[in-house]
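Residue numbers (my numbering), protein chains in the order written: chain A, 136 to 462; chain B, 136 to 462.
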């Protein structure tokens, strides 16, 4: 295992220390590294809280700040954070207007966020994201997995919260964005969890995993390496077939951590051409490493259908470590 | 070779097509993919032009836009762009106030930009960056290599140009920032050039290349893998020893393309602690993949000493594909 680390047991805390040191104008750390929170809260605003296993950076801590999340709870690598982390975060960022939890659909996350909601006694709604069209049930889920579309939900709901929307409307908007969003991924290599010290899965020099999950979970099938156009064709067909919609969309090509920008933009080009066949026009674009799987090579394609409401909040100002515009 | 591509001969053009499709609000493409230029020029502003071999994305095209570059000329992967590319770009973006070329110190780049300057007949100054402290002369250079510090020069000079500084002042500022900047890199794996189809260099499972160049060129020496703290200690000592300065600085931890954000932030934490020993305080921070080497794992550390002038233009608004704040 080749990683820039000191000790496998301190990877998360040392990385979080670096993160808040680098972005101290935007975020601060909760005690015992339980959560990353927005430095300055906005009283009367519904607080947005997310979290999940680490290893997907910048998700979620990189999206804490104006126009997105108020707090993020990082679990150990690919491990759900605990309810006491979420309760501590909720206590720190609730200014009285209630809280919205944004949770990726994995059993551990859903269970722990639900326990935190019950135990905290606060006014909390939950949006569960399940945008991955690759598989119906999987290693860690009942139903579909929540993947890169989660970041789109966080951006859209975050902007609406900043504008003063109430908890009920935000819950409805979050569910609506999730329903308008589909993703699918492909892996060329495995990731390596630091504590495991070896690749999560074996994959041949000429193979790729179509429909891979963001923890390196199996996808639809193992196939021979194909061209970017062929990969985009299959992924976009799965996404567009499931969306069953035409019109303007956000096209988000997400790197898993070890794929160069050059390839991600080439995939954007390929995906855009495929979307045209399905009557979908990428009126908004996002390309980069936003929802990663440690050092996995590969990418995912996410499409969110845009109506006027979603497009407007997507464009609204955001100021976080990993996403910043208009401010 | 595992890459998301169609045909090795079209990687650059297809990637550029995707880039301008995704960022059509900021950039447009010159004919025959010769350059990427700012969509809207600012008449009377000195035009900033950079370029170099591709494979370092987002450098340079990702830094075209308000507050940074006016145009970038992409060569083939790790290959200098040609003078006719630079002349075409200069013709497209010169609004009469002259042009500043920002060139990384590699023999091919320096020679081609110099030929373009002579042939174009326009009013042109050149800033050559050579921030890499690892080696004095190297595979492709006489003198030090220009690496991640180039991006700092582009940001600082770009902001000053936006504010109306004239060509002579910009040349002086660029040289000053370059003198205030030092970098050093480490590679854990090789990169693979698409057209070559195999890794640029061989490296053992327990080895790393200290002082590696951004094309995978040899650095100071091949050593056994060490901890992040030990790596940061050696790199910061080399940088700080060469800078021979104390006070506020920008600390920029740059990923080479295949290293996860989690590790980059951990390295930021380690580098910050080392800088304190040398009396350098990271008053500004930047962490991410900005000056990459295709799919190489590893990172570089860049330190730019800040005075009031440099800090102010660093903080100034920027709106490019890869760097955006304040707008």
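Cβ coordinates follow ideal geometry from the N, Cα and C atoms, glycine included.
Small disclaimer: the values here were computed from a predicted structure and weren't measured.
(request) Assuming residue 197(B) contacts residue 455(B) (C-beta within less than 8 Å), just tell me the rounded distance between them. (result) Yes, they are in contact, since the Cβ atoms of residue 197(B) and residue 455(B) sit about 6 Å apart, within 8 Å.
(request) Please report how far the alpha carbon of residue 139(A) lies from the alpha carbon of residue 204(A), in whole angstroms. (result) Distance between the alpha carbons of residue 139(A) and residue 204(A): 28 Å.
(request) With 9 Å as the threshold, decide whether the Cβ of residue 154(A) is near any Cβ in chain B. (result) With 9 Å as the cut-off, residue 154(A) counts as an interface residue toward chain B.
(message) Let me make sure I understand the geometry here. Which of 165(A), 452(A) and 182(A) has the alpha-carbon closest to that of residue 300(A)?
(response) Of the candidates 165(A), 452(A) and 182(A), the one whose C-alpha sits nearest the C-alpha of residue 300(A) is 182(A).
(message) Determine, for residue 399(B), whether the minimum Cβ-Cβ distance to residues of chain A falls below 9 Å.
(response) Interface annotation, residue 399(B): in contact with chain A, CB-CB separation under 9 Å.
(message) Which residues in chain A have a C-beta closer than 7 Å to the C-beta of residue 138(B)? List them in chain order.
(response) Those are 398, listed as they occur along chain A.
(message) Strictly below 7 Å CB to CB, what residues from chain B border residue 334(A)?
(response) In chain order: nothing, as chain B lies at least about 12 Å away.
(message) So that I know if they touch, is there some Cβ in chain B lying closer than 9 Å to that of residue 407(A)?
(response) For residue 407(A), the answer is yes, since a Cβ of chain B falls inside 9 Å of its Cβ.
(message) Whole angstroms are fine: how far does the CA of residue 432(A) sit from the CA of residue 470(A)?
(response) Since the first and last residues shown for chain A are 136 and 462, residue 470(A) lies out of range.
(request) Enumerate, from N- to C-terminal direction, the unbroken alpha helix (DSSP H) stretches of 4 or more residues contained entirely within the stretch 337 to 388 of chain B. (result) The qualifying runs are 363 to 378.
(request) Please list the partners that residue 463(A) has in chain B, where partner means a Cβ-to-Cβ separation under 8 Å. (result) This structure cannot speak to residue 463(A), because chain A is shown only from 136 to 462.
(request) Taking only the alpha-carbon atoms, compute the straight-line gap between residue 457(B) and residue 425(B) and give it to the nearest angstrom. (result) For residue 457(B) and residue 425(B), the distance between alpha carbons rounds to 8 Å.
(message) Suppose contacts are defined by Cβ-Cβ distances below 9 Å. Is residue 420(A) in contact with residue 385(A) by that definition?
(response) Yes. Within cutoff.
(request) Figure out for me which residue from 295(B), 254(B), 416(B) and 302(B) has the closest Cα to the Cα of residue 452(B). (result) Sorting 295(B), 254(B), 416(B) and 302(B) by C-alpha distance to the C-alpha of residue 452(B) places 295(B) at the top.
(request) Using the DSSP secondary-structure output, state which residues sit across from residue 138(B) in a beta bridge. (result) Per DSSP, none; premise fails for residue 138(B).
(message) Let me check understanding here. Comparing Cα to Cα, which of 210(B), 273(B), 260(B) and 168(B) lies closest to residue 354(B)?
(response) Distance from the Cα of residue 354(B) is smallest, within the candidate group 210(B), 273(B), 260(B) and 168(B), for 273(B).
(request) Taking residue 230(A) as the query, report the chain B residues whose CB atoms sit under 8 Å from its CB, ordered along the chain. (result) The premise fails here: residue 230(A) is roughly 26 Å from chain B at the closest Cβ pair, so nothing lies under 8 Å.
(request) Ignore the nearest five residues each way along the sequence and tell me which others in residue 316(B)'s own chain have a CB closer than 6 Å to its CB. (result) Close CB contacts of residue 316(B) within its chain, under the 6 Å cut and outside five residues either way in sequence, are with 266, 284, 287 and 439 (chain order).
(request) Go to residue 207(A), then tell me how far its alpha helix (DSSP H) extends in each direction, as first and last residue. (result) Where residue 207(A) is concerned, there is no enclosing alpha helix (DSSP H), although the beta strand (DSSP E) it sits in stretches over 206 to 212.
(request) Would you kindly check if the distance between the Cβ of residue 155(A) and the Cβ of residue 171(A) is under 9 Å? (result) Cβ atoms of residue 171(A) and residue 155(A): closer than 9 Å.
(message) Check whether the stretch 309 to 329 of chain A and the stretch 369 to 389 of chain A are in contact - that is, three or more C-beta pairs closer than 8 Å.
(response) Counting C-beta pairs with one atom in each stretch, the stretch 309 to 329 of chain A and the stretch 369 to 389 of chain A have three or more that are closer than 8 Å, which means they touch.
(message) Checking 9 Å against the spacing of the C-beta atoms, do residue 220(B) and residue 189(B) come in under that value?
(response) In this structure, residue 189(B) does not lie closer than 9 Å to residue 220(B) by Cβ.
(message) I need the DSSP call for residue 325(B), collapsed to helix, strand or coil.
(response) In this structure, residue 325(B) counts as coil in the three-state DSSP scheme.
(request) Note down, in chain order, every chain B residue with its Cβ under 7 Å from the Cβ of residue 392(A). (result) Listed along chain B, the residues sitting closer than 7 Å to residue 392(A) by beta-carbon distance are 395.
(request) Reducing DSSP to helix, strand and coil, say where residue 464(A) ends up. (result) Since the first residue shown for chain A is 136 and the last is 462, residue 464(A) is missing from the structure and cannot be characterised.
(message) Please list the terminal residues of the continuous alpha helix (DSSP H) segment that includes residue 144(B).
(response) It is not in any alpha helix (DSSP H) - residue 144(B) carries neither H nor E in the DSSP assignment.
(message) So for residue 435(B), helix, strand or coil by DSSP?
(response) Here residue 435(B) sits in strand by DSSP.
(request) Could you spell out where the alpha helix (DSSP H) holding residue 311(A) opens and where it closes? (result) Looking at the DSSP string, the run of the alpha helix (DSSP H) that includes residue 311(A) is 302 to 314.
(message) As a quick exercise: from 302(B), 271(B) and 222(B), pick the residue whose alpha carbon is nearest that of residue 252(B).
(response) Looking at the Cα atoms, 222(B) is the closest of the given residues.
(request) Compute the Euclidean distance between the alpha carbons of residue 395(B) and residue 459(A), then round it to the nearest angstrom. (result) Going by the C-alpha atoms only, they are around 20 Å apart.
(request) Please confirm whether residue 153(B) and residue 402(A) have their CB atoms less than 9 Å apart. (result) Judged by beta-carbon spacing, residue 402(A) lies within the 9 Å limit of residue 153(B), meaning their Cβ atoms are closer than that value.
(request) Check distances from the C-beta atoms of the stretch 410 to 421 of chain A to those of chain B and list, in chain order, the residues that come in under 9 Å. (result) Listed by position along the chain: 417, 420 and 421.
(request) Tell me, please, which residues DSSP counts as bridged to residue 90(A). (result) This structure does not reach residue 90(A), given that chain A is present from 136 up to 462, and the question cannot be answered.
(message) Quick check: the Cα distance between residue 186(A) and residue 336(B), rounded to an integer number of angstroms?
(response) Rounded to the nearest angstrom, the gap between the Cα atoms of residue 186(A) and residue 336(B) is 39 Å.
(request) Please name the residue in 146(B), 446(B) and 157(B) whose C-alpha comes closest to that of residue 311(B). (result) Considering only alpha carbons, the answer is 446(B).
(request) For residue 434(B), return the contacting residues in chain A, with the cut-off set at a CB-CB distance below 7 Å. (result) The answer, in chain order, is 139.
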